[in-house]
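A short worksheet on the structure shown next.
Protein chains: 2
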Amino acid sequence: MIEIIGPLAHTAANRGNSDRSATGNPAGKTAPLQKQLIERLQQAILGGRLPAGSLLPSSRLLAAEMGVSRNTVVIAYEHLAAVGYVVADKKGTRVTALSSRAARAEPPARPAAPKVAYAARVGEFKATRTYMDGALPLTPGTPALDRFPLAAWRRALERSMERALPLALGYGTPAGEPALRDAIAAHLRMARGVRCEGSQVIITEGAQEALNLCVRLFTNPGDVAWIEDPGYRGAKAAFRQGDVRVQPIPVDEEGMCVPPGAWAHPPKLIYTSPAHQYPTGAVLSVARRLELIAEARRCGAWVIEDDYDGEFRYSGEPIASMQGLVDDAPVLYVGSFSKTMFPALRIGFVVLPPPIAAHAEVALYEMLRGGHRLEQLALAHFMEGGEFGRHLGRMRRLYRERQQALREALTEHFAASEILGGDCGMHLTLRLSAGIDDDTLTERAFARGLAPRPLSSFALEQRAGSNGLVIGYGNTAAEQLTPAVRVLAELAAGIEKPRRRRA
Amino acid sequence: MIEIIGPLAHTAANRGNSDRSATGNPAGKTAPLQKQLIERLQQAILGGRLPAGSLLPSSRLLAAEMGVSRNTVVIAYEHLAAVGYVVADKKGTRVTALSSRAARAEPPARPAAPKVAYAARVGEFKATRTYMDGALPLTPGTPALDRFPLAAWRRALERSMERALPLALGYGTPAGEPALRDAIAAHLRMARGVRCEGSQVIITEGAQEALNLCVRLFTNPGDVAWIEDPGYRGAKAAFRQGDVRVQPIPVDEEGMCVPPGAWAHPPKLIYTSPAHQYPTGAVLSVARRLELIAEARRCGAWVIEDDYDGEFRYSGEPIASMQGLVDDAPVLYVGSFSKTMFPALRIGFVVLPPPIAAHAEVALYEMLRGGHRLEQLALAHFMEGGEFGRHLGRMRRLYRERQQALREALTEHFAASEILGGDCGMHLTLRLSAGIDDDTLTERAFARGLAPRPLSSFALEQRAGSNGLVIGYGNTAAEQLTPAVRVLAELAAGIEKPRRRRA
Chain A
263 MIEIIGPLAH TAANRGNSDR SATGNPAGKT APLQKQLIER LQQAILGGRL
313 PAGSLLPSSR LLAAEMGVSR NTVVIAYEHL AAVGYVVADK KGTRVTALSS
363 RAARAEPPAR PAAPKVAYAA RVGEFKATRT YMDGALPLTP GTPALDRFPL
413 AAWRRALERS MERALPLALG YGTPAGEPAL RDAIAAHLRM ARGVRCEGSQ
463 VIITEGAQEA LNLCVRLFTN PGDVAWIEDP GYRGAKAAFR QGDVRVQPIP
513 VDEEGMCVPP GAWAHPPKLI YTSPAHQYPT GAVLSVARRL ELIAEARRCG
563 AWVIEDDYDG EFRYSGEPIA SMQGLVDDAP VLYVGSFSKT MFPALRIGFV
613 VLPPPIAAHA EVALYEMLRG GHRLEQLALA HFMEGGEFGR HLGRMRRLYR
663 ERQQALREAL TEHFAASEIL GGDCGMHLTL RLSAGIDDDT LTERAFARGL
713 APRPLSSFAL EQRAGSNGLV IGYGNTAAEQ LTPAVRVLAE LAAGIEKPRR
763 RRA
Chain B
263 MIEIIGPLAH TAANRGNSDR SATGNPAGKT APLQKQLIER LQQAILGGRL
313 PAGSLLPSSR LLAAEMGVSR NTVVIAYEHL AAVGYVVADK KGTRVTALSS
363 RAARAEPPAR PAAPKVAYAA RVGEFKATRT YMDGALPLTP GTPALDRFPL
413 AAWRRALERS MERALPLALG YGTPAGEPAL RDAIAAHLRM ARGVRCEGSQ
463 VIITEGAQEA LNLCVRLFTN PGDVAWIEDP GYRGAKAAFR QGDVRVQPIP
513 VDEEGMCVPP GAWAHPPKLI YTSPAHQYPT GAVLSVARRL ELIAEARRCG
563 AWVIEDDYDG EFRYSGEPIA SMQGLVDDAP VLYVGSFSKT MFPALRIGFV
613 VLPPPIAAHA EVALYEMLRG GHRLEQLALA HFMEGGEFGR HLGRMRRLYR
663 ERQQALREAL TEHFAASEIL GGDCGMHLTL RLSAGIDDDT LTERAFARGL
713 APRPLSSFAL EQRAGSNGLV IGYGNTAAEQ LTPAVRVLAE LAAGIEKPRR
763 RRA
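If you read the protein sequences in the order shown, they are chains A and B. In this text, residue positions in the first sequence follow this note's numbering: the first is 263, and each later residue adds one. In this text, residue positions in the second sequence follow this note's numbering: the first is 263, and each later residue adds one.
Structure representation (structure tokens):
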């Protein structure tokens, strides 16, 4: 046999632990003799060097030939029998009829370039530059990570560990920890005018999974969803993943603007960000809110209200949610802690009407597994103890200051450009003249260590006025903003094409 | 106005902070006067008591009438104007044409019972008793939570906090932290014979999201997936969520047994648990592994190899993965840390072939958000430092001991019943005679504080021999197992119907 399978590698290390593999340590760093023997025999069988029907030597003979203990060979033969490489009977141990099948399983000798049939929905995703590195100044959507109250958060985590372990290591309910659901409901009632109890709040992996859940609950393939244009790409991705057709709805200074007659072909879902449209910053007017609610109710559609930064309003009273505007609004209210706490926490939620929430909980047991229980319990404690509210208050003051600094810098350096966005959130949007291509400008800004995003990347259909920059100030100190905007202005001046003069 | 909107509630508290609401603390516990005023005016407008076109009093007059500062009224009017309740011009502040729309948005006076159109895929989920409380003895799939090395894990978490904060609070790459992807690849190469680099490993929210990802990447609505029957319900749920039709494939003692001729109508995905079929415990034979690989390659299908407890094998060498059996196997290897670490960690992964992984990373930026970075970094450290391997070794010894105790107790108390399951995993499956209904037995066991699961709940189509119990020993001490099995035997005896004697 040694000429077929080759000699084994005897070393001091595996001599010492050659029997350990049988006692539960098969992942040791030096391959034990038994493991080597099994692998060699498998390779010889799969490679056809030990063809179907071959009789293997007795364990005593092979042990002597390979210089291992007889027990090592016995265990190796048992293993090979368990997975079907060999069969043992009274006449001895024989190779099964694998070899011909093995040959069929091998890839063709000259493998063709792999043609992979991806899902249609995946083919639609194109590679785009990703600005996920929230460390760069001007990144939209990243909060002030260096101002997060880490010490208080670690205390909350410690406390949940002390109280809930080891039980909270196990599976939780897919809808989330009851304490957190209650804490979120209490906060939303008070701060956002949402009408809800904890039982209506479903905890999700960030807002993105909340959108996916809405799609899964209410749509069938081929259904239509309306989405703001320009708008949040994540919503489009959630709909496409659910094989839902996306219909762009334009946005003006009063927010999502449904064209006359559109309701004749009603959608199943309507995605909107009424408190602060992403990225234009428009506030959806009450007239339009009421119309969306009334029409959605009439035709059995659901409005997904993404309140992604409704917590951060800097002047006047916060603009209350659509969900709480009228009784029994057909609204699915989506939020997350990515901006109010930190993105990597990945805790979001959706508030469902009571009968829907009850039905969804049943489906959720099949669709999701509960987990991240310590983080959820810590967040509940963080909210109940008032730390969350205090952090929000501090961040509101900080972002207001930063927004003002950004607005002043933009007014100075881009005097001819319109600034979109209200007294809310953590970004401003700058419209650029057609001569300054926003993709080019963003590329060059990126090379200078700045990460605003091109407004055109938010457009679903090309529309006039979609050339611009979405500029975040959440993670950028006020004193950094003026020099950063100066760099943008220099770069823009280098790109701008002179307008054609009239002939 | 006071007769329309009513007097405001002046208290010592809101007298004191009536101006704080303008400085970023709108969620205070006593409603400030300004907030009250805004809400009263909104209600009067929405309710039609201030109809469209009404001229509101000047801020000076209203301030005097309501007993508030003029500034409070000015800010309230500005807020109402911002969201479109009123418009201000030279003649004063006027209610917009909302009231008629508001009436349309109100729900009908006698609301009919809500008829909700759920997605077809959601209608298929039925309420089942959920055994998610892993604290009960005999729960399948829950590891020994009380034996998890919490102190070492907390040290790993602390270390990742010290090193990676605050940056790791931000968004990560959706495919997961590179350090963890590399650590998993190294472990899988060594322990499971998987052929992979870290770039092929995509981190997911547990194995369930890994299955969802496979469905999203490779299927279109209406495609067919094969699934073991009896089998893992989570796989069925993942396929149905993706609108994929599920075709059950029977299982025998050599694992998934594809009927002759089935390949004439090939599926897009094939779900199998080859190392330890869930729940029968069968090991997929090498002959069948090779056949699955060869046929899947031929017809462009993908095999999803769920290696859910392949790490826990108690005799002989571990049975290597299908993924590594031949070159370029068309296999998507899925695993998770729910059993090797703890369920609430919610870290799973899928190993994709290199070109697929590269393509998927692009799509992932649209489909997922990265996060849970501290936990991922801590796990990478836990693996690299050898803690993970040591924990696995300890758990293998513990589970082997528990399995032996369970097997002995079952042999004694259920002498007539067949025990399924090899030297692997953390459950054994007991086949029951048709006279002992497994649903009834499980219900009664649950009332006695025991949580085995009925084997029939794993069946996709009703087949003979699907009556039995799936009994977990992962979270149950050896000395608890004998008394628990005695309880099961008593309950079974109380249910059993005498077999009909032949006439």
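No residue lacks a Cβ here, since even glycine has one placed at the ideal position from N, Cα and C. The structure presented is a predicted model; accordingly, all values stated were derived computationally and were not measured.
Rank B:Leu-743, B:Arg-693, B:Ala-746 and B:Gln-503 by C-alpha distance to the C-alpha of B:Phe-720 and give the top, closest one. On the second sequence, position 458 is the one that residue 720 of chain B refers to. Closest option to B:Phe-720, Cα to Cα, is B:Arg-693.
By the 8 Å beta-carbon criterion, what residues does the stretch 657-669 of chain B contribute toward chain A? Arg-658, Arg-659 and Arg-662
Determine the DSSP secondary structure at A:Cys-686, reduced to helix, strand or coil. Within the first sequence, residue 686 of chain A is the residue found at index 424, counting from 1. In this structure, A:Cys-686 counts as strand in the three-state DSSP scheme.
Which residues of chain B have a Cβ atom closer than 8 Å to the Cβ of A:His-621, listed in chain order? For the purposes of this step, residue 621 of chain A is taken as residue 359 along the first sequence, with counting starting at 1. The contacting residues are Val-378, Tyr-380 and Val-384.
Below-8 Å beta-carbon distance, A:Ser-547 vs any chain B residue: Residue 547 of chain A sits at position 285 when you count from the first residue of the first sequence. True, the Cβ-Cβ gap to chain B drops below 8 Å.
At a CB-CB cut-off below 9 Å, which residues of chain A make contact with B:Ile-581? Numbered from 1 along the second sequence, position 319 holds the residue referred to as residue 581 of chain B. Within chain A, the residues near B:Ile-581 are His-341, Ala-344 and Val-345.
Should B:Val-349 go down as buried or exposed, given a rule of 16 or more other Cβ atoms within 10 Å for buried? Numbered from 1 along the second sequence, position 87 holds the residue referred to as residue 349 of chain B. Exposed, since its Cβ has fewer than 16 Cβ neighbours within 10 Å.
Please tell me whether B:Arg-631 has its Cβ less than 8 Å away from any Cβ of chain A. Along the second sequence, one-based indexing puts residue 631 of chain B at 369. Yes, because at least one Cβ of chain A sits closer than 8 Å to the Cβ of B:Arg-631.
What does the alpha-carbon distance come out to for the pair B:Val-565 and B:Pro-483? In the second sequence, the residue the question calls residue 565 of chain B occupies position 303. In the second sequence, the residue the question calls residue 483 of chain B occupies position 221. So the alpha carbons of these two residues sit roughly 18 Å apart.
Do we get a CB-CB distance below 8 Å when we pair B:Ala-625 with the residues of chain A? Taking the first residue of the second sequence as 1, we reach residue 625 of chain B at position 363. Answer yes: the Cβ-Cβ gap between B:Ala-625 and chain A drops below 8 Å somewhere.
Per DSSP, what are the beta-bridge partners of A:Met-518 in this structure? Here residue 518 of chain A refers to the residue found at position 256 of the first sequence. Answer by DSSP bridge pairing, in chain order: A:Val-513.
Closer than 8 Å by beta-carbon distance: list the chain B residues that pair up with A:Asp-408, in chain order. Counted from its first residue, the first sequence places residue 408 of chain A at position 146. Pro-428, listed in chain order.
By the criterion of Cβ-Cβ separation under 9 Å, what are the contact partners of A:Glu-516 in chain B? Stepping through the first sequence from its first residue, residue 516 of chain A is reached at position 254. Result: Gly-346.
Which residue comes first and which comes last in the beta strand (DSSP E) that contains A:Leu-731? Position 469 of the first sequence holds residue 731 of chain A. Counting along the chain, the beta strand (DSSP E) containing A:Leu-731 begins and ends at 730-734.
Run down chain B in chain order and give the residues with a C-beta less than 9 Å from the C-beta of A:Phe-480. Here residue 480 of chain A refers to the residue found at position 218 of the first sequence. Simply Val-378, Ala-379, Tyr-380, Ala-381 and Val-384.
What residues match up with B:Asp-351 in a beta bridge as DSSP calls it? In the second sequence, counting from the first residue as 1, residue 351 of chain B sits at position 89. Note: B:Asp-351 sits in a beta bridge opposite B:Gly-354.
Check whether chain B comes within 8 Å of A:Ala-605, counting only Cβ atoms and requiring the distance to be less than that. The count along the first sequence starts at 1 and reaches residue 605 of chain A at position 343. With the sequence shown as reference, residue 605 of chain A is identified as Pro, and Ala is not the correct amino acid for it. A:Pro-605 counts as touching chain B.
Quick check on this structure: which residue in A:Tyr-533, A:Gly-648 and A:Arg-457 has the alpha carbon closest to the alpha carbon of A:Ala-582? Residue mapping note: residue 582 of chain A aligns to position 320 of the first sequence, counting from 1. Ranking A:Tyr-533, A:Gly-648 and A:Arg-457 by Cα distance to A:Ala-582 puts A:Arg-457 first.
So what's A:Phe-599 in DSSP terms, helix, strand or just coil? Taking the first residue of the first sequence as 1, we reach residue 599 of chain A at position 337. In this structure, A:Phe-599 counts as coil in the three-state DSSP scheme.
Nearest CA to the CA of B:Thr-738: which residue from B:Glu-663, B:Ala-306 and B:Glu-674? Walking along the second sequence from the start, residue 738 of chain B turns up at place 476. Comparing Cα-Cα distances from B:Thr-738 to each of B:Glu-663, B:Ala-306 and B:Glu-674, the minimum goes to B:Glu-663.
Do the stretch 444-455 of chain B and the stretch 437-446 of chain A touch if we need at least three Cβ pairs shorter than 8 Å? no
With DSSP as the reference, identify every bridge partner of B:Gly-487, one or two as the case may be. In the second sequence, counting from the first residue as 1, residue 487 of chain B sits at position 225. For clarity, residue 487 of chain B is Ala in the given sequence; the question names Gly instead. Paired residues: B:Val-508 and B:Leu-531.
Would you mind telling me which residues of chain A sit closer than 9 Å to B:Asp-505, beta carbon to beta carbon, in chain order? In the second sequence, residue 505 of chain B corresponds to position 243, counting from 1. Under the 9 Å cutoff, chain A gives Asn-482, Pro-483, Gly-504 and Asp-505.
Inter-residue Cα distance where the pair is B:Ala-754 and A:Tyr-627: Along the second sequence, one-based indexing puts residue 754 of chain B at 492. Along the first sequence, one-based indexing puts residue 627 of chain A at 365. Roughly 28 Å between the two C-alpha positions.
Can you pull the chain A neighbours of B:Ile-811, defined as C-beta to C-beta under 8 Å? Chain B is shown from 263 up to 765; residue 811 of chain B falls before or after that span and cannot be answered.
The stretch 667-677 of chain B / the stretch 609-627 of chain B touching (three or more Cβ pairs under 8 Å): no
Distance, Cα to Cα, B:Gly-354 vs B:Ser-320? For the purposes of this step, residue 354 of chain B is taken as the residue at position 92 of the second sequence. For the purposes of this step, residue 320 of chain B is taken as the residue at position 58 of the second sequence. Distance between the alpha carbons of B:Gly-354 and B:Ser-320: 7 Å.
For A:Gln-509 and chain B, any beta-carbon pair shorter than 8 Å? To locate residue 509 of chain A, count along the first sequence from 1; it is residue 247. No, A:Gln-509 lies away from the interface with chain B (no Cβ there is under 8 Å from its Cβ).
Within 8 Å of any Cβ in chain A, is that where the Cβ of B:Arg-706 sits? Within the second sequence, the letter at position 444 stands for residue 706 of chain B. So, not an interface residue.
Can you pull the chain A residues whose beta carbon is under 8 Å from the beta carbon of B:Tyr-533, in chain order? Taking the second sequence and counting its residues from 1, the one referred to as residue 533 of chain B is at position 271. None at all; the shortest Cβ gap to chain A is about 15 Å.
Classify A:Gly-697: buried if its beta carbon has 16 or more other beta carbons within 10 angstroms, exposed otherwise. Counting from one through the first sequence, the residue named residue 697 of chain A turns up at place 435. Classification for A:Gly-697: exposed.
Delimiting residues of the beta strand (DSSP E) encompassing A:Thr-466: Residue 466 of chain A sits at position 204 when you count from the first residue of the first sequence. First-last of the beta strand (DSSP E) with A:Thr-466: 463-466.
Where the alpha helix (DSSP H) through B:Val-335 begins and ends: For the purposes of this step, residue 335 of chain B is taken as residue 73 along the second sequence, with counting starting at 1. Start and end: 332-344.
If we define contact as Cβ-Cβ less than 8 Å, is A:Glu-467 a contact residue for chain B? For this step, residue 467 of chain A is matched to residue 205 along the first sequence. Closer than 8 Å: yes.
I'd like to check one pair, A:Thr-334 with A:Ala-325: are the Cβ atoms closer than 8 Å? Here residue 325 of chain A is taken as the residue at index 63 of the first sequence, counted from 1. Here residue 334 of chain A is taken as the residue at index 72 of the first sequence, counted from 1. Yes.
Following the continuous beta strand (DSSP E) through A:Trp-564, name the residue where it begins and the one where it ends. On the first sequence, position 302 is the one that residue 564 of chain A refers to. Per DSSP, A:Trp-564 belongs to the beta strand (DSSP E) from 564-568.
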